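Okay, so here's the structure we're looking at.
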Amino acid sequence: MAEPKNKYDRQLRIWGEQGQAALEKASICLLNCGPTGSEALKNLVLGGIGSVTIVDEFKVEMNDLGNNFLVDASSVGQSRAKCVCTFLQELNDAVKAKFIQESPERLLETNPSFFSQFTLIIATQLLEDSILKLDKICREGNVMLVIARSYGLTGIVRISVKEHTVIESKHEHFVEDLRFHNPWPELKQFAESIDLNVVDPVIHKHIPYAVILIKLVEKWKEMHDGHLPLTRKEKDEFKHLIKSLMLDIDEDNYKEAIRASFKVCPEGIGSDLSQILEDGSAEVDFGSSDFWVMVAALKEFIANEGEGEFPLEGSIPDMTSSTEYYVNLQKIYQAKAEVDFLAVEQRVRSILKRIGRDSDAISRADIKTFCRNSRKLAVRRYRSIEDEFKSPATLELQKNLNDEEYSYTFGFYVLLRAVDRFAANYNRFPGLFDRRVQYSLKSSEVADDVHRLNSIAVGILNNLGFKAKTLYEDLVSEMCRFGGAELHAVAAFVGGIASQEVIKLITKQFVPVSGTFIFDGIEHKSQVLPI
Amino acid sequence: MAAEAATTSIDEGLNEDGGRWKDLDKLILRPGTIVGDNFEPGPELKENLMKMVRVLVVGAGGLGCELLKDLALSGFLNLEVIDMDTIDVSNLNRQFLFRFGDVGKPKAEVAAKCVMERISGVNIVPHFCRIEDKDISFFDNFHIIVLGLDSIEARSYINAVACSYLEYDSDGNPSDGIKPMVDGGTEGFKGHARVIIPGLTPCFECNIWLFPPQVKFPLCTLAETPRTAAHCIEYAHLIKWGEALKRAELFGISGVTYSLTQGVVKNIVPAIASTNAIVSAACALEALKIMTDCSKTMSNYLMYNGTEGIHSKMTAFDRDKDCLVCGPGILIELDISVTLSKFIDLLGEHPKLLLSKPSITHRGNNLYMQAPPVLEEMTRSNLNLLLFDLIGKIPKDIIHATGTTSINGKRTSCLRKLRVIFKGTAEDVTDMDTMGAVYRFVDKDNPEFWGYPVPKF
Ligand SMILES: [Zn+2]
Chain S
1 MAEPKNKYDR QLRIWGEQGQ AALEKASICL LNCGPTGSEA LKNLVLGGIG
51 SVTIVDEFKV EMNDLGNNFL VDASSVGQSR AKCVCTFLQE LNDAVKAKFI
101 QESPERLLET NPSFFSQFTL IIATQLLEDS ILKLDKICRE GNVMLVIARS
151 YGLTGIVRIS VKEHTVIESK HEHFVEDLRF HNPWPELKQF AESIDLNVVD
201 PVIHKHIPYA VILIKLVEKW KEMHDGHLPL TRKEKDEFKH LIKSLMLDID
251 EDNYKEAIRA SFKVCPEGIG SDLSQILEDG SAEVDFGSSD FWVMVAALKE
301 FIANEGEGEF PLEGSIPDMT SSTEYYVNLQ KIYQAKAEVD FLAVEQRVRS
351 ILKRIGRDSD AISRADIKTF CRNSRKLAVR RYRSIEDEFK SPATLELQKN
401 LNDEEYSYTF GFYVLLRAVD RFAANYNRFP GLFDRRVQYS LKSSEVADDV
451 HRLNSIAVGI LNNLGFKAKT LYEDLVSEMC RFGGAELHAV AAFVGGIASQ
501 EVIKLITKQF VPVSGTFIFD GIEHKSQVLP I
Chain Z
1 MAAEAATTSI DEGLNEDGGR WKDLDKLILR PGTIVGDNFE PGPELKENLM
51 KMVRVLVVGA GGLGCELLKD LALSGFLNLE VIDMDTIDVS NLNRQFLFRF
101 GDVGKPKAEV AAKCVMERIS GVNIVPHFCR IEDKDISFFD NFHIIVLGLD
151 SIEARSYINA VACSYLEYDS DGNPSDGIKP MVDGGTEGFK GHARVIIPGL
201 TPCFECNIWL FPPQVKFPLC TLAETPRTAA HCIEYAHLIK WGEALKRAEL
251 FGISGVTYSL TQGVVKNIVP AIASTNAIVS AACALEALKI MTDCSKTMSN
301 YLMYNGTEGI HSKMTAFDRD KDCLVCGPGI LIELDISVTL SKFIDLLGEH
351 PKLLLSKPSI THRGNNLYMQ APPVLEEMTR SNLNLLLFDL IGKIPKDIIH
401 ATGTTSINGK RTSCLRKLRV IFKGTAEDVT DMDTMGAVYR FVDKDNPEFW
451 GYPVPKF
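Protein sequences appear in the order of chains S and Z. Residue numbering for the first sequence follows UniProt numbering, beginning at 1 and increasing consecutively. Residue numbering for the second sequence follows UniProt numbering, beginning at 1 and increasing consecutively.
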């Protein structure tokens, strides 16, 4: 009982000891420690990430005091990497925090192998050109990459990883696999041992709904040539059948049975899951990852012992019942889950042997976790940044362009790329002038920048395969107004999102975002665009 | 149009602040094309934001810490923060203004001190107490209230306070005293941020159904037919500490651990730094937009879920026209002969109020206060006086009552706005029953995906 009070208690409730251990093993490198990067790292350091290394070439200037919490007035003139590192270390002494005062761009040129020592790189405020180079290096070195950028009232978060596989996706809305339609012998026997027509009203109202449903599905099938209640009409009739057995309208177990009656028809597997089963990677060889070896075993199990079913998860939901009935039911489900697990384990071992690996290479615990989550597996694959730029997902993007509700996000996606091209051409961001200018919408300098930015953006649009002649003009003008500003609130939002995705990638729990997240700070209608 | 005409110098680095607010300046000094209706960029706006605007941050926990930082770095240099809690070890994974050495100290005080030390020029006044302990006039000082709370009751209370500043003209249109609120909440990877502009957008009470009731197990289940570890723990909590484990063994139930015990008993909500950061940032940005009009304000409820991918959904909820809190108030018709004491009894009997032990104020004057004892004594003599005389013989006016009422069997502090009309003194009233039900049932179709589900074990 007397476990120590733990400062990680509230997050352990989310990702458990295993997730925490993965975080504590990870080493993260942050490129540029402006507010976006500093905030992303702050969240990870608080959570107890293993080590962080900050790469940043700048000295702290006055404007850092206006948007970055990890510097203070005494930092001005000192290395920004050093100051941020010092304040980060204060947050959690369990984390190893280091810094390198160097420009990420130069490091990309002079020492590309530097990046391969890390688990994951968070690249913030990098321009297009550097991101392309970094992505190549990371992919070659098998280092995960998360890109984050804040710009005025917009921002972007994009993951670049060849393949990310998730066993513990922690789907929330998931119907348990309870097999009411197809009980195995032990479950069937248990249900048969209970009489629904029992006279004692106390016993009657404590028969768990699982038993009620198993018995009534059986009865239904007898009356309907072995078919399940599939149509709406049949489902209603089935509910009436349940209701007809109630002794009293207040019997909770029968009410629960009516509410759960939809569970008698198996859900069928989703398209994501069937794609995983059919994925080429499930044809395993020596180089296959543990995940795909287990998927291969899963396929064999379904085709053989499983008789078309996935391994049973073994847990049952809470339901009105006598303690005795409930505990027995629980034991029956757990026993079946154990049998299924042993069958999958045997298949994993023989596959490992067949592909020339040690047959014990995957632990029992891992196989068990896999079995318990086998209907919730997820795989994410991210195209390289180069591919995204060269052959954009035009068809999917087109849908977003026409979505009135989200008109700003697609515009921002194009404009975020356009400002980088602008910077490459003019050596400054649009709306940032090298001499004093009265910023008015009518001034020729501002109008010129809006015009230039628009032309660049239209060029990008055309490359994406859109025939548009112009973008939403007000948005282009806003982009010039932003003048490359990194606002703290936007940086904290974008950095927060980036840190969240880093946690998912490292713990291998929950499902990372599939596309490019575009932050719309004007209407807060952020959106994920397909890559 | 006003924005079009404005011209502003952007001489970054030449400002008196040494270019410190160079980034923020882009938004508040420069004219824009997608901005609020009353946006007037320029040094005056900046001066207002930094020197005049006073913000109240309610809560100095996971959200509160982030909010203080985000607001200060968004140019709000005059802040006050109120929180009744002290620092616990389990706060340290996200409440980044606190260190091990601070455990046991008041959150509000440590948070204020830490942010003031780090960000020069910001002034934060801490209040280590319950919000209900503050006199209503305390809230007069603030232009905007930002909420970082985990309690529905506290939200409800502060919402009523903010809405009490709202006045309606004789046509029932909101006219004066609008006190905007921004509210954030998180649980695990989920959260929400919303903007409440009383009288214009729905208040907390208008959409109370968004918050499902908390899980409670029936006592008979706990005592006679426990089935899960949570049942055993809840039972042990009710009956006797430390008995959970024994009871679980008796029934052959596994899974009773210390961490689960804490979770069930204290209804602990899982919390991580990233979600707090995301939700607070959204709230701070909206506060900046509301106070400066530098961009559009969100409309009006952002639901966030980062469990699977990143989902953020903006919903423009509608006001409940009959809302007890942000509506024109509950109409109460009285005889001139009603004493204050009789009036207080009436509030206890009124089926839609059921207010017990209410304190009564009229236009900031205390008519009768239940506490503290000094005030009670001072106002006691009013009880036998006629209410009509006490409010200056005005035929109809607004009166505020603060007391407790029972919501879902739980005693809750609340503040109610009452429209009092004296019979035979003013034009006759026809709309005797203008309010709808206070608490509605939870919308079953509202996907739990966005809401705050009951704790899972
Ligand atoms: Zn309302």
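Every residue, glycine too, gets a C-beta built ideally from N, C-alpha and C. All values derive from a computational prediction rather than experimental measurement.
Hey, would you say the C-beta of E205 of chain Z is under 6 angstroms away from at least one heavy atom of ligand 1?
For ligand 1, at least one heavy atom lies less than 6 angstroms from the Cβ of E205 of chain Z.
Kindly indicate the opening and closing residues of the beta strand (DSSP E) around V55 of chain Z.
Taken as a continuous stretch (DSSP letters only), the beta strand (DSSP E) holding V55 of chain Z covers 55–58.
Give a yes or no on whether 7 angstroms exceeds the smallest Cβ distance from P31 of chain Z to chain S.
With 7 angstroms as the cut-off, P31 of chain Z counts as an interface residue toward chain S.
For the putative contact between V146 of chain S and I159 of chain S, defined by C-beta atoms under 8 angstroms, what is the C-beta separation to the nearest angstrom?
That pair is a contact at about 6 angstroms.
Listing by chain order, which chain S residues have their CB less than 8 angstroms from the CB of E47 of chain Z?
None at all; the shortest Cβ gap to chain S is about 15 angstroms.
In chain order, what residues of the same chain lie with their CB nearer than 6 angstroms to the CB of M298 of chain Z, ignoring the 5 residues before and after it?
Only V195, E286 meet the Cβ criterion.
Helix, strand or coil: which one does DSSP assign to P373 of chain Z?
Of the three classes helix, strand and coil, the one that applies to P373 of chain Z here is helix, per DSSP.
Which residues of the segment 282–312 of chain Z have a Cβ closer than 7 angstroms to any Cβ of chain S? Give them in chain order.
Residues A282, A284, L285, L288, S295, K296, M298, L302, G306, T307, E308, G309, I310, S312.
Measure how close the beta-carbons of T402 of chain Z and T412 of chain Z come, nearest whole angstrom, since I'm counting them as under 8 angstroms.
Not a contact, Cβ separation roughly 12 angstroms.
Apply the 10 Å Cβ neighbour rule to D11 of chain S and answer buried if 16 or more other Cβ atoms are within range, or exposed otherwise.
Residue identity differs from the one stated: residue 11 of chain S is Gln in this sequence, not Asp. Buried, because 16 or more other Cβ atoms sit within 10 Å of the Cβ of Q11 of chain S.
Taking the alpha-carbon of I302 of chain S as reference, which of S:S315, S:D318, S:G280, S:I269 has the nearest alpha-carbon?
Checking every option, the nearest Cα to that of I302 of chain S belongs to S:I269.
Enumerated in chain order, which unbroken segments of the beta strand (DSSP E) with a length of 3 residues or greater are wholly contained in the segment 63–117 of chain S?
Qualifying beta strand (DSSP E) stretches, in chain order: 96–101.
Taking its Cβ as the centre, do 16 or more other Cβ atoms sit within 10 Å of K25 of chain S, making it buried, or is it exposed?
With fewer than 16 Cβ atoms within 10 Å of its Cβ, K25 of chain S is classed as exposed.
Nearest chain S C-beta to G18 of chain Z closer than 7 angstroms, yes or no?
Yes, its Cβ sits closer than 7 angstroms to a Cβ of chain S.
Between which two residues does the alpha helix (DSSP H) containing K263 of chain S stretch?
No alpha helix (DSSP H) holds K263 of chain S; DSSP gives it neither H nor E.
Quick check on DSSP: helix, strand or coil for S322 of chain S?
In the structure shown, S322 of chain S sits in coil (DSSP, three-state: anything other than H, G, I, E or B).
So, is the C-beta of S514 of chain S closer than 7 angstroms to a C-beta in chain Z?
With 7 angstroms as the cut-off, S514 of chain S counts as an interface residue toward chain Z.
Tell me which same chain residues have a C-beta within less than 8 angstroms of the C-beta of L132 of chain S, skipping the five on either side of it?
Only I385, E386, F389 meet the Cβ criterion.
Tell me, please, whether the CB atom of A271 of chain Z is closer than 7 angstroms to any CB atom in chain S?
Chain S contact via Cβ: present.
CB-CB under 7 angstroms to C65 of chain Z, same chain, minus the five flanking residues each way: which ones, in chain order?
Excluding positions up to five away in sequence, the list reads Q95, F96, L97, A111.
In chain order, what are the residue ranges of uninterrupted alpha helix (DSSP H) at least 4 long that sit wholly in the segment 202–237 of chain S?
Qualifying alpha helix (DSSP H) stretches, in chain order: 209–223.
Report yes or no: is there a C-beta of chain S within less than 7 angstroms of the C-beta of G42 of chain Z?
No, G42 of chain Z does not count as interfacial toward chain S.
Kindly indicate which residue of S:I506, S:R372, S:A257 has the alpha-carbon position closest to the one of M294 of chain S.
Checking every option, the nearest Cα to that of M294 of chain S belongs to S:R372.
Tell me which residue opens and which closes the alpha helix (DSSP H) that P43 of chain Z is part of.
Run containing P43 of chain Z: 43–47, per the alpha helix (DSSP H) assignment.
In angstroms with no decimal places, state the Cα-to-Cα distance between S388 of chain Z and E333 of chain Z.
Per the sequence shown, residue 388 of chain Z should be read as Phe rather than Ser. Rounded to whole angstroms, F388 of chain Z to E333 of chain Z spans 12 angstroms at the Cα level.
Would you kindly work out how many angstroms separate the C-alpha atoms of L30 of chain S and L44 of chain S, rounded to a whole number?
L30 of chain S and L44 of chain S: Cα-Cα distance of roughly 11 angstroms.
Where N366 of chain Z and G348 of chain Z are concerned, what is the direct C-alpha to C-alpha distance, given to the nearest angstrom?
Roughly 19 angstroms between the two C-alpha positions.
Taking DSSP as the reference, what is the three-state secondary structure of M181 of chain Z?
DSSP places M181 of chain Z in strand when its eight states are reduced to three.
At the 7 angstroms Cβ level, is D420 of chain S part of the contact set with chain Z, yes or no?
So no, D420 of chain S is outside the interface.
Closer than 7 angstroms, CB to CB, is M116 of chain Z near chain S or not?
Answer no: the Cβ-Cβ gap between M116 of chain Z and chain S never drops below 7 angstroms.
Could you check if V327 of chain S belongs to the surroundings of ligand 1, using beta carbon to heavy atom distance under 6 angstroms?
Outside the cutoff, so no.
Which residues bound the alpha helix (DSSP H) around D322 of chain Z?
No alpha helix (DSSP H) contains D322 of chain Z, which DSSP labels as neither H nor E.
Using only the heavy atoms of ligand 1, determine whether one of them is closer than 6 angstroms to the beta carbon of C323 of chain Z.
C323 of chain Z: yes, Cβ under 6 angstroms from ligand 1.
Would you identify the three-state DSSP class for K7 of chain S, choosing helix, strand or coil?
Coil at K7 of chain S, not helix or strand.
Residues of chain S with CB closer than 8 angstroms to the CB of S74 of chain Z, please, in chain order.
By Cβ distance, chain S contributes L487, H488, A489.
Check whether the Cβ of C326 of chain Z sits closer than 6 angstroms to any heavy atom of ligand 1, and report yes or no.
Yes, since a heavy atom of ligand 1 falls inside the 6 angstroms radius drawn around the Cβ of C326 of chain Z.
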